[in-house]
Each structure stands twice: as C-alpha cells, then as structure tokens.
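Residue numbering for the sequence shown follows the numbering used here, beginning at 26 and increasing consecutively.
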Amino acid sequence: MSGLALSGILVVVQALLANTGMYFLKRAAPAASLDRARELLSEPFFWLGVGLYGLSFLVLIVLVGRERLIFLVPFAMSLHFVISAVIGTLLLGERLNPLLIAGMAVIAVGVVLMALGRPETAP
26 MSGLALSGIL VVVQALLANT GMYFLKRAAP AASLDRAREL LSEPFFWLGV GLYGLSFLVL
86 IVLVGRERLI FLVPFAMSLH FVISAVIGTL LLGERLNPLL IAGMAVIAVG VVLMALGRPE
146 TAP
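Put into structure tokens, the structure is as follows:
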C-alpha cells in the first residue's frame with residue numbers, strides 16, 4: 026500500500042473516530058452545564074465519546090508526522106463537515122437545508138481539487 030493510500034485511510038479513520046466521539050458526547054450531554062459535571066462523569070456515553078475522540082487525536086498526530094499541513098488540515102476538516110452532517114441527520118434528527126447541502130458540494134469539489142494538486146511528499 027502506498028503512503029498516499031495509507032494517509033487517505035488514516036484521514037477517514039480519524040474523521041470517523043472524532044465524529045463518532047462527538048455523537049456520543051452529544052448523547053451524554055444534551056444540555057450540559059457546569060452544574061451537571063458530576064452527573065456527566067457517571068455517564069457511559071461521555072466516556073465512550075472521550076475515548077473515541079482521544080483515539081482520533083492520536084491518529085491525527087500520526088497524520089501530522091506523515092503529511093503536509095497545507096493538505097492535511099483542509100482535507101481532514103472537510104471530511105468532518107460531511108460526516109457530522111450525516112451523523113446529525115441520520116442519528117440526531119437534525120435537518121439539512123439547501124444552503125448546507127450546497128456548501129458540502131463546494132467542499133467536495135475543493136477536496137477533489139486539493140487531491141489533484143497535492144504534492145507527493147511531505148517535507
């Protein structure tokens with residue numbers, strides 16, 4: 026497997042872990058406040074969310090060592106936008122409007138353009 030393919034897989038894994046972690050954090054704390062901090066610490070979804078988000082951070086550290094930031098950050102963040110929209114819509118009942126959908130389409134075009142212009146090696 027080439028370095029580019031592995032980096033691509035790691036970016037997707039990182040985005041999925043981070044957004045799944047956020048989903049569980051949202052489930053644990055729909056109306057979190059400092060007053061509810063003790064209650065939140067006893068919530069299993071809270072710890073699952075923290076664990077998944079923490080694991081996504083470790084994958085991100087690996088990616089930072091492998092890729093150029095000028096490519097990595099926009100590419101990874103664009104995946105976060107799309108994955109969070111899917112999770113929000115399918116699992117949380119959030120609604121997408123035409124402007125959000127158009128924005129995601131623009132992001133997708135940007136990711137394709139970035140991939141086409143990506144330098145082959147990181148410094």
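Where is the CB? At the ideal position from N, CA and C, for every residue including glycine.
Start-to-end residues for the alpha helix (DSSP H) that takes in residue i
{"i": "proline 55", "result": "First-last for proline 55: undefined, no H or E at that position."}
{"i": "glutamate 119", "result": "It is not in any alpha helix (DSSP H) - glutamate 119 carries neither H nor E in the DSSP assignment."}
{"i": "glutamate 64", "result": "62 to 66"}
{"i": "leucine 80", "result": "69 to 91"}
Alpha carbon of residue i to alpha carbon of residue j, nearest angstrom
{"i": "valine 134", "j": "isoleucine 86", "result": "26 Å"}
{"i": "glycine 79", "j": "valine 38", "result": "13 Å"}
{"i": "glycine 33", "j": "alanine 54", "result": "32 Å"}
{"i": "leucine 31", "j": "aspartate 60", "result": "43 Å"}
{"i": "glycine 113", "j": "isoleucine 132", "result": "18 Å"}
{"i": "leucine 138", "j": "leucine 65", "result": "42 Å"}
{"i": "glycine 118", "j": "glycine 28", "result": "38 Å"}
{"i": "serine 67", "j": "alanine 140", "result": "43 Å"}
{"i": "valine 84", "j": "valine 111", "result": "21 Å"}
{"i": "alanine 127", "j": "leucine 121", "result": "10 Å"}
Cβ-based neighbour list, residue i, same chain, cut-off 8 Å, excluding 5 preceding and 5 following
{"i": "valine 98", "result": "none"}
{"i": "valine 89", "result": "Leu97"}
Own chain residues within Cβ distance below 6 Å of residue i, not counting five before or after
{"i": "isoleucine 108", "result": "Ala40 and Asn44"}
{"i": "leucine 42", "result": "Leu77, Leu80 and Ser81"}
Nonlocal neighbours in the same chain, by C-beta distance under 7 Å from residue i, ignoring five residues either side
{"i": "valine 136", "result": "Phe100 and Ser103"}
{"i": "phenylalanine 106", "result": "Met129 and Ile132"}
- [ ] Count the C-beta pairs between the segment 74 to 88 and the segment 41 to 55 that are closer than 8 Å, then say yes if the count reaches three, no if not.
- [x] In short, these stretches touch, since the Cβ pair count reaches three.
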